[in-house]
Amino acid sequence: MSGLAISLLDLEVDSGVCLEVEDYQKRPGKWCAGCGDFGALNAVKRLLAKEQLQPEKMVFVSGIGCSSRFPHYVNAFGFHGIHGRALPVATGIKLARPELDVFVVTGDGDCTSIGAGHWIHATRYNANMVVMMLDNNIYGLTKNQTSPTTPQGYASMTSPRGSVLPALDPLQATLGVSNASFVAQTADWVPAHLYATLQAAYEHPGFSFIRILQRCPKFTPDVFEQQVKDPDLTELLVHEDGVDPPGLEKLFKARRIHNPRNIDDARSLARRRDMLRLGVFFRDDSLPVYDEVRAVPPVTPQEKINRLNKEFERYAV
Amino acid sequence: MVKKEMKVTKASEHTVEIITNSGEGAQKCAQIFGQTCAKMGNGVWTVEIIPAEIEPPHHTVTSTSGNIIRFGTHKITNWGDQSKLAIAFNDQVLLSRHRLNSLDDNCIILQESMWENHEDEFIRRNYAAAMEEMSGKNYRFISVPIEEEALKIVTNPSHGKNMFALGLLAEIYQRDVSIIERQIANIFRFKSQKVIDLNIQLVKSGMAWARENLDFRFDIPSIPAEEERIVMNGNQACALGAIAAGMELCAMYPITPATSVSHELAEIIESYGGIVHQAEDEIAAAGVAIGASYGGKVALTVTSGPGMALKTEFLALAIMVEVPLVVLDVQRGGPSTGLPTKVEQSDLLSSIYGQHGDAPRVVIAPRSIEECFHSMVTARSIAETFRTVVIVLTDANLATGVQQFTRPELDIRWQQGPIDQSPVPEGLRPYEWDPETGLSRRIIPGTPSGQHTVTGLAHDEHSLVSYHPSSNELGMRMRSRKLAVFQSTLMPPTVYGDEEGDLLVVGWGSTQGAIDEAVDRARAEGRKVSSCQLTFLSPLEPGLKAIFSRFNKVMTVEINYSDTVGDPYITEETRRYGQLAWLLRAHTLVDIDCWTSCPGQPLRPKDIYRNIIAKLEPLQVVEKGEAT
């Protein structure tokens, strides 16, 4: 917690204005009571307050779905676009304005189904942004249809006799992409872990992909029920380069020291199904960041005209 | 050898074809020849003949790659009718041009001599069959040992025949060799001096062969231009226009025939502070451009028909959230994969109406290569002023056609100033629509006190999601109003020819040159025909109904599909019109007819002319779609 004190102090010196957690709330979330999205919103507001981010210097980008309403509730610029396509918009914003903090809020349908192509490629671009994939294992806003992450056998309106295929694993998929630089998993019901993971993602220079397991009280109230009730079913991946939020040692007895720089271990842990694992699976600060490698120095309008006039020589008759 | 008497024919224009297998350098040969003609003061239009495949099997009718160069004393605005002279590297590629009716009945054909008595019987048989098939025309065949002569200078004839052919043309049309030499030096500037010398040697050997063996020359007088001119194709013009307009980000996905716009941009845009982003797909290309524009950059996305279809949802979003965006659609033949390398004007209605819900946007269509350049400046200005999407429709004809035009005088205002980022006054709503004009301040991220969330959902002036009937109607009205306001700034289109008469031919975009030429022919015969070429399609230019009312008949000419009355089941009730005809009929309630054709080629003036005459004399039946 000493980090928090220092950064608050720094900002007080800078601007003299201190923004409180509630200053980052534009309006209350309109999700169902008990929805895990509230937990994510609270953690984000805490992060913004801790970092004292200026509301006009952040953009929250989302697609379509319950979680994609997120930008409407944060005191920041927001872009609530179309289904599955938050990542290209966010990439464009980052290319245009690398100095802005960009957060993407997406869901399991938005990201891993209709937006799957963009997800793979945005991971590879590794533009500097935080991506929160709120995974409730179901399509909520359209009222209970199977999503790629719905557990096999789980019934929905479109698979009334149960989903017939094994669920897609977003962690394994992301970890399989070249140039993936930050992959983490956390859960809405462990607020300290969610907050610490967000913090690590925010600090990571690159595309920080967080799968946030998110309870849907309406349509998948039971998919995470056991893990919520019994912490022994969860293992925390801890490391000084990952996250190890204080105060969770007593609750989660299963702790594994996992060096998130080891991609093979990360993939192997992501593949295992014996326990639920929360933590930073992988991070690599050394990979190319798209908005950095594509940065070009600005050119004045007059200089552009001079250069273009010269260019015309190539085409002169 | 006894020299025959030399015959020099003076003509105001000529059309030449160089026909080869792909990979034999026809484009380079034609490029240098066209440039040389332009530099000598001739008007020039060149058209590529390109197969959809990279290098299909050689010596077949489908392997044809080549180039058509039409040049003359006057300005040339289209590819014209048929070729008067052709150089063919083999009988099969020549046959493909014959079958497409591309060659004039009296075409002079300089033909590779090695196939007639080739050791391979299969080749000999095909040659004989091809010659038999072409025997009905009055072509004048001249055998030329192209490969044999090239082999005297280079070891690989595929890298030499084209320059030998250029030498033939240089001699026949009495081109200035020093210009050719400079062009060669420029084209091969990244190669060694040896390569340049070899190419010049090949040209000279072609000239020498022609001097020795050909008994004819053509004299196409030129009038050197007074103003400075540049020569390029439409895609290059769009790329340079994008730079001139201060565009900073081009997001694209490879698609024929649009891709070369991004090739040009990728080459130079970074030295102008911008980038080309090759996205993972067409949809993402639109998304990245929209994100960049939302962030305050000047963004462009470049595509063709299939890509337009994929971008539809995103374009409607840009319109809904009022993010400026320029979309360049280099149209090709459709539907589906259609004719990737060929021309069609069939994205008009989908560009204007292609989305769910009402999403008014601006659609413009440059009519010449020069207008391709300026269209980008215009498009940016409209997109930003009205915070909307501007679709620029060019096509494969403009994309690959090469023409010279007056060198643009660049204007620093085209780059436009930075966006107002002064603090947003308290109480200003994100969509504070001016009730008259529908315009509102564009607030980009980073603007103090400007934070708000834009949404593709129906929203009110606060940018809050709103399902209220009145706010939905207001948003619809305001977004539409902007188009009407923009239209109020437009001038009525000009009529080419008299302001009144028997027939007005209405076209749009790239067909201007061919239509005007056809109208000239009809007018020369005393016909009361005029033409009017539209460039603003959404909103339409003002005053159309008044213009149409001064003509007995109005007919559109377009490169797209329409039904012909009299075909089975086709009646006035079932007939589907050409796309501009649909639009104008709905817009003006005038009974507008159309003649359209979708041969995958630019329209020829003679075909338009025949249909003008047919429209004036309805008894004369012209078979629809028979473009030659």
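Chains A and B, in that order, give the protein sequences. Going by my numbering, the first sequence opens with residue 6, and the numbers climb by one from there. Going by my numbering, the second sequence opens with residue 38, and the numbers climb by one from there. Ideal Cβ positions, reconstructed from N, Cα and C, are used throughout, including at glycine.
For A/Ser213, three-class secondary structure by DSSP
One-based indexing of the first sequence puts residue 213 of chain A at position 208. Looking at A/Ser213 - three-state DSSP - the assignment turns out to be strand.
Whether B/Gln549 touches B/Arg404 by CB criterion (8 angstroms):
Start at 1 with the first residue of the second sequence, and residue 549 of chain B comes out as number 512. Start at 1 with the first residue of the second sequence, and residue 404 of chain B comes out as number 367. Yes; because the gap between Cβ atoms is below 8 angstroms, this pair is in contact.
Enumerate in chain order the residues of its own chain whose CB-to-CB distance from A/Pro265 is below 7 angstroms, with the five nearest sequence positions on each side excluded.
Walking along the first sequence from the start, residue 265 of chain A turns up at place 260. The answer, listed in chain order, is His244, Asp246, Gly247, Ala271, Val285, Phe286, Phe287, Arg288.
Give a yes or no on whether 8 angstroms exceeds the smallest Cβ distance from A/Asn149 to chain B.
For the purposes of this step, residue 149 of chain A is identified with residue 144 of the first sequence, where counting begins at 1. Answer no: the Cβ-Cβ gap between A/Asn149 and chain B never drops below 8 angstroms.
Alpha carbon of B/Pro455 to alpha carbon of A/Pro76, nearest angstrom
What you label residue 455 of chain B is simply residue 418 of the second sequence in a count that begins at 1. What you label residue 76 of chain A is simply residue 71 of the first sequence in a count that begins at 1. Distance between the alpha carbons of B/Pro455 and A/Pro76: 27 angstroms.
List, from N- to C-terminal side, the alpha helix (DSSP H) runs of 4 residues or more that fit wholly inside the region 378 to 459 of chain B.
Correct list: 385 to 390, 406 to 423, 433 to 437.
Can you tell me the Cβ-Cβ gap for B/Thr293 and B/Arg369, rounded? I've got them flagged as a contact below 8 angstroms.
Taking the first residue of the second sequence as position 1, residue 293 of chain B is located at position 256. Taking the first residue of the second sequence as position 1, residue 369 of chain B is located at position 332. Their Cβ separation, rounded to whole angstroms, is 7 angstroms, which keeps B/Thr293 and B/Arg369 in contact under 8 angstroms.
Of the residues B/Lys228, B/Val191, B/Arg134, B/Met151, the one placed nearest B/Tyr176, counting alpha carbons only:
Within the second sequence, numbered from 1, the residue matching residue 176 of chain B stands at position 139. Put simply, of B/Lys228, B/Val191, B/Arg134, B/Met151 the residue whose alpha carbon is nearest the alpha carbon of B/Tyr176 is B/Arg134.
Answer with yes or no whether the minimum CB distance from B/His111 to chain A is below 8 angstroms.
Taking the first residue of the second sequence as 1, we reach residue 111 of chain B at position 74. B/His111 does not count as touching chain A.
For the region 353 to 363 of chain B against the region 101 to 118 of chain A, are there 3 or more C-beta pairs whose distance is under 8 angstroms?
Result no; under three Cβ-Cβ pairs closer than 8 angstroms.
Between B/Lys65 and chain A, is there a C-beta pair that is closer than 8 angstroms?
Within the second sequence, residue 65 of chain B is the residue found at index 28, counting from 1. Among the CB atoms of chain A, none fall inside 8 angstroms of the CB of B/Lys65.
Pair every Cβ in the region 276 to 296 of chain B with every Cβ in the region 245 to 260 of chain B, then say whether three or more of these pairs are closer than 8 angstroms.
The count of Cβ pairs closer than 8 angstroms, one atom from the region 276 to 296 of chain B and one from the region 245 to 260 of chain B, stays below three, leaving the stretches out of contact.
Using the DSSP secondary-structure output, state which residues sit across from B/Glu595 in a beta bridge.
Stepping through the second sequence from its first residue, residue 595 of chain B is reached at position 558. Note: B/Glu595 sits in a beta bridge opposite B/Thr633.
A/Ala38 in three-state terms, based on DSSP
One-based indexing of the first sequence puts residue 38 of chain A at position 33. Shown here, A/Ala38 sits in coil according to DSSP, grouped into three states, outside any helix or strand.
Could you please give me the residues that DSSP links to A/Ile143 through a beta bridge?
The residue given as residue 143 of chain A occupies position 138 in the first sequence. Note: A/Ile143 sits in a beta bridge opposite A/Thr151.
In chain order, what residues of the same chain lie with their CB nearer than 8 angstroms to the CB of B/Glu675, ignoring the 5 residues before and after it?
The structure shown does not extend to residue 675 of chain B, since chain B is modelled only from 38 through 665, so no value can be given for it.
Is the Cβ of A/Asn314 closer than 8 angstroms to any Cβ of chain B?
For the purposes of this step, residue 314 of chain A is taken as the residue at position 309 of the first sequence. With 8 angstroms as the cut-off, A/Asn314 counts as an interface residue toward chain B.
Return helix, strand or coil for B/Gln273, following the three-state DSSP convention.
Position 236 of the second sequence, counted from the start, is the residue given in the question as residue 273 of chain B. Of the three classes helix, strand and coil, the one that applies to B/Gln273 here is helix, per DSSP.
I'd like the list of long-range same chain contacts for B/Gly117, defined as Cβ closer than 6 angstroms, with 5 residues on each side in sequence excluded.
Counted from its first residue, the second sequence places residue 117 of chain B at position 80. Here the set comprises Thr52, Arg107.
Reducing DSSP to helix, strand and coil, say where B/Tyr309 ends up.
Within the second sequence, residue 309 of chain B is the residue found at index 272, counting from 1. It is helical.
Would you call the region 295 to 308 of chain A in contact with the region 192 to 201 of chain A, where contact means no fewer than 3 C-beta pairs closer than 8 angstroms?
Contact between the region 295 to 308 of chain A and the region 192 to 201 of chain A is not established, with fewer than three Cβ pairs separated by less than 8 angstroms.
Leaving out five residues before and five after B/Pro377 in sequence, what residues of the same chain have Cβ atoms less than 6 angstroms from its Cβ?
As a first step, residue 377 of chain B must be located in the second sequence, where it is residue number 340. So the list reads Ala89, Thr293, Arg369, once near-sequence residues are dropped.
Can you tell me the Cα-Cα spacing of B/Thr340 and B/Asp432, whole angstroms?
On the second sequence, residue 340 of chain B is found 303 positions in, with the first residue counted as 1. On the second sequence, residue 432 of chain B is found 395 positions in, with the first residue counted as 1. B/Thr340 and B/Asp432: Cα-Cα distance of roughly 11 angstroms.
Going by Cα to Cα distance, which pick from B/Leu205, B/Phe178, B/Gly173, B/Ile179 is closest to B/Ala187?
On the second sequence, residue 187 of chain B is found 150 positions in, with the first residue counted as 1. Comparing Cα-Cα distances from B/Ala187 to each of B/Leu205, B/Phe178, B/Gly173, B/Ile179, the minimum goes to B/Leu205.
According to DSSP, is B/Phe573 helix, strand or coil?
By 1-based counting over the second sequence, the position of residue 573 of chain B is 536. Under the three-state reduction of DSSP output, B/Phe573 falls in the strand class.
Inspect the CB distances between the region 87 to 101 of chain A and the region 322 to 337 of chain B and report whether three or more fall short of 8 angstroms.
When C-beta atoms of the region 87 to 101 of chain A are compared with those of the region 322 to 337 of chain B, three or more pairs fall below 8 angstroms, so the two segments count as touching.
CB contact below 8 angstroms: B/Gly333 versus chain A
Within the second sequence, the letter at position 296 stands for residue 333 of chain B. At least one beta carbon of chain A lies nearer than 8 angstroms to the beta carbon of B/Gly333.
Going by DSSP in three states, A/Tyr207 sits in which element: helix, strand or coil?
For the purposes of this step, residue 207 of chain A is taken as the residue at position 202 of the first sequence. Annotated three-state conformation of A/Tyr207 is helix, per DSSP.
Taking the C-alpha atoms as reference points, what is the distance between B/Lys652 and B/Glu170?
Counting from 1 along the second sequence, the entry for residue 652 of chain B is found at position 615. Counting from 1 along the second sequence, the entry for residue 170 of chain B is found at position 133. If you take the alpha carbons of B/Lys652 and B/Glu170, they lie about 34 angstroms apart.
Is it buried or exposed for A/Arg74, if we count other Cβ within 10 angstroms and need 16 for buried?
Taking the first residue of the first sequence as 1, we reach residue 74 of chain A at position 69. Residue environment for A/Arg74: buried (at least 16 other C-beta atoms within 10 angstroms of its C-beta).
Ignoring anything shorter than 4 residues, give me the alpha helix (DSSP H) runs that lie fully in the region 249 to 296 of chain A, in order along the chain.
Listed in chain order, the complete alpha helix (DSSP H) runs (minimum 4 residues) inside the region 249 to 296 of chain A are 268 to 276.
Give me the Cα-Cα distance between A/Leu203 and B/Glu307, rounded to the nearest whole angstrom.
As a working note, residue 203 of chain A is residue 198 in the first sequence. As a working note, residue 307 of chain B is residue 270 in the second sequence. Those two C-alpha atoms are separated by around 35 angstroms.
Determine, for A/Tyr29, whether the minimum Cβ-Cβ distance to residues of chain B falls below 8 angstroms.
Taking the first sequence and counting its residues from 1, one reaches residue 29 of chain A at position 24. Under the 8 angstroms criterion on CB atoms, A/Tyr29 is classed as non-interfacial with respect to chain B.
In the DSSP output, what is B/Thr666 paired with across the bridge?
Outside the displayed span of chain B (38 to 665) sits residue 666 of chain B, for which this structure offers no information.
From the DSSP output, read off the bridge partner residues of B/Asp252.
Taking the first residue of the second sequence as position 1, residue 252 of chain B is located at position 215. DSSP output for B/Asp252 lists no bridge partner at all.
Cα-Cα separation, B/Leu337 to B/Tyr309:
If you number the second sequence from 1, residue 337 of chain B lands on position 300. If you number the second sequence from 1, residue 309 of chain B lands on position 272. One C-alpha to the other measures close to 15 angstroms.
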